[in-house]
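J.: Can you read through this structure? Questions will come right after.
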Amino acid sequence: MKRIIVKIGGGLGNQLFTYAAAKRLAISNSAELVIDSISGFENDVQYNRKYMLDFFGLVDRKANVIERLPFNRYFERFFLNISKFKQFKNRRFIFQENINFDGRILEYYFKSNIVYFKGYWQSEMYFKDIESTIRNSFKFNLSIPNNISSLIEQIKLTNSISLHVRFFEDNLNSNYTISEEYYFAAMNYISKKVDSPHFFIFSDNPNLLKNFLIKCNSYSYTLVDLSSSELLNVDMFEFYLMKSCKHKIIANSTFSWWAAWLGEFEKKIVIAPKFESFEGVCAWGFKGLIPDDWILL
1110 MKRIIVKIGG GLGNQLFTYA AAKRLAISNS AELVIDSISG FENDVQYNRK
1160 YMLDFFGLVD RKANVIERLP FNRYFERFFL NISKFKQFKN RRFIFQENIN
1210 FDGRILEYYF KSNIVYFKGY WQSEMYFKDI ESTIRNSFKF NLSIPNNISS
1260 LIEQIKLTNS ISLHVRFFED NLNSNYTISE EYYFAAMNYI SKKVDSPHFF
1310 IFSDNPNLLK NFLIKCNSYS YTLVDLSSSE LLNVDMFEFY LMKSCKHKII
1360 ANSTFSWWAA WLGEFEKKIV IAPKFESFEG VCAWGFKGLI PDDWILL
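Counting from 1 along the sequence shown, just add 1109 to a position and that's the residue number in the numbering used here.
Have a look at this one:
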């Protein structure tokens, strides 16, 4: 049977993007998807990120040592250099050439037994035609503690809106961290569309939100801060809570992008920042990233 061996890396959002694009490629080629859950994290000394897809109900097997070899950093460089000189349709090592949506992957069919796949592939268009499969794959496999259950109950009983603040610097209104102006414009927009909205505010650094929260006093809100809890895998529980909210105000973050995309409320409103940056860890606003039915502010 043909195999696609995918290298997973980055934070949770990018891991989900990579898996979803690879899964669609495997299905369209009647191939087995094999996950390399190790190579993408071995040299991640700056962020020390970990493979997180075991928290979902994936059925795909993990790559063995031999299957991971082409993603060794020395071999990978060699294969990448060779692939650059081949036409896309003839490549056995598929990599992302630029950040914008690349429709060639949707027409890629291979005849070899094994293809290697890497990159973030940050667009729902890479897997939109198997949306139900991806949603079923990303069902959570979590044991919910009592304090999280009580928050879930609040989210269910209110017109809940998740609001995510992702800090790239140490304050709002800086170069890459989305401004207060965006968040208040989004809160005002939602307040006109939703009766008695209640905002559940999430952040990777809640300690930096003090001044912002003071200005939120005219809104009904709950700051969700699990950083002082004894929970393991806090990020996954915050992600689950964000996903559970009915409506979403996301940051320039693939973490909240996926929490919004996986949201199951039928009439959900998703607001995303109309911000553009085409390089680095805060790359955002490129072609294909924002679904057509989301609102840009």
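The beta-carbon is built from N, C-alpha and C at its ideal position, and this holds for glycine as well.
Using 8 Å as the Cβ pair cut-off and three pairs as the minimum, do the stretch 1245 to 1258 and the stretch 1145 to 1154 touch?
T.: Too few Cβ pairs lie closer than 8 Å, so no.
J.: Give the single residue among L1317, F1184, K1193, F1126 whose Cα lies nearest to the Cα of H1273.
T.: Here residue 1273 refers to the residue found at position 164 of the sequence shown. The shortest Cα separation from H1273 among L1317, F1184, K1193, F1126 belongs to L1317.
J.: Can you tell me where the alpha helix (DSSP H) holding R1182 begins and where it ends?
T.: For the purposes of this step, residue 1182 is taken as the residue at position 73 of the sequence shown. 1182 to 1192 is the span of the alpha helix (DSSP H), which, as asked, contains R1182.
J.: Hey, I1404 and I1380: beta-carbon distance below 7 Å or not?
T.: One-based indexing of the sequence shown puts residue 1404 at position 295. One-based indexing of the sequence shown puts residue 1380 at position 271. Contact: yes.
J.: In whole angstroms, give me the CA-to-CA distance for D1334 and I1264.
T.: Position 225 of the sequence shown, counting from 1, holds the residue named residue 1334. Position 155 of the sequence shown, counting from 1, holds the residue named residue 1264. Those two C-alpha atoms are separated by around 15 Å.
J.: Decide if Q1196 is buried, meaning its Cβ has at least 16 other Cβ atoms within 10 Å, or exposed.
T.: In the sequence shown, counting from the first residue as 1, residue 1196 sits at position 87. By the neighbour-count rule (16 or more Cβ atoms within 10 Å), Q1196 is not buried but exposed.
J.: If I measure Cβ to Cβ from Q1124 and keep anything under 8 Å in the same chain, skipping five residues before and after, which residues do I get?
T.: For this step, residue 1124 is matched to residue 15 along the sequence shown. Excluding residues within five positions, the ones whose Cβ falls inside 8 Å are I1117, G1118, Y1160, M1161, L1162.
J.: Please classify S1232: is it buried, with 16 or more other beta-carbons within 10 angstroms of its beta-carbon, or exposed?
T.: Taking the first residue of the sequence shown as 1, we reach residue 1232 at position 123. The residue in question, S1232, is buried, as its Cβ has 16 or more Cβ neighbours within 10 Å.
J.: Please work out which residues of its chain come closer than 7 Å, Cβ to Cβ, to Y1291, disregarding the five sequence neighbours upstream and downstream, and give them in chain order.
T.: Looking up residue 1291 in the sequence shown gives position 182. So the list reads P1382, L1406, once near-sequence residues are dropped.
J.: If you reduce the DSSP assignment to three classes, tell me which class G1212 lands in.
T.: As a first step, residue 1212 is located in the sequence shown; it is residue number 103 there, counting from the start. Helix.
J.: On the CB-based measure, 16 or more other CB atoms within 10 Å of its CB, does F1247 come out buried or exposed?
T.: The sequence position of residue 1247 within the sequence shown is 138, counting from 1. F1247 is buried by the Cβ-count criterion.
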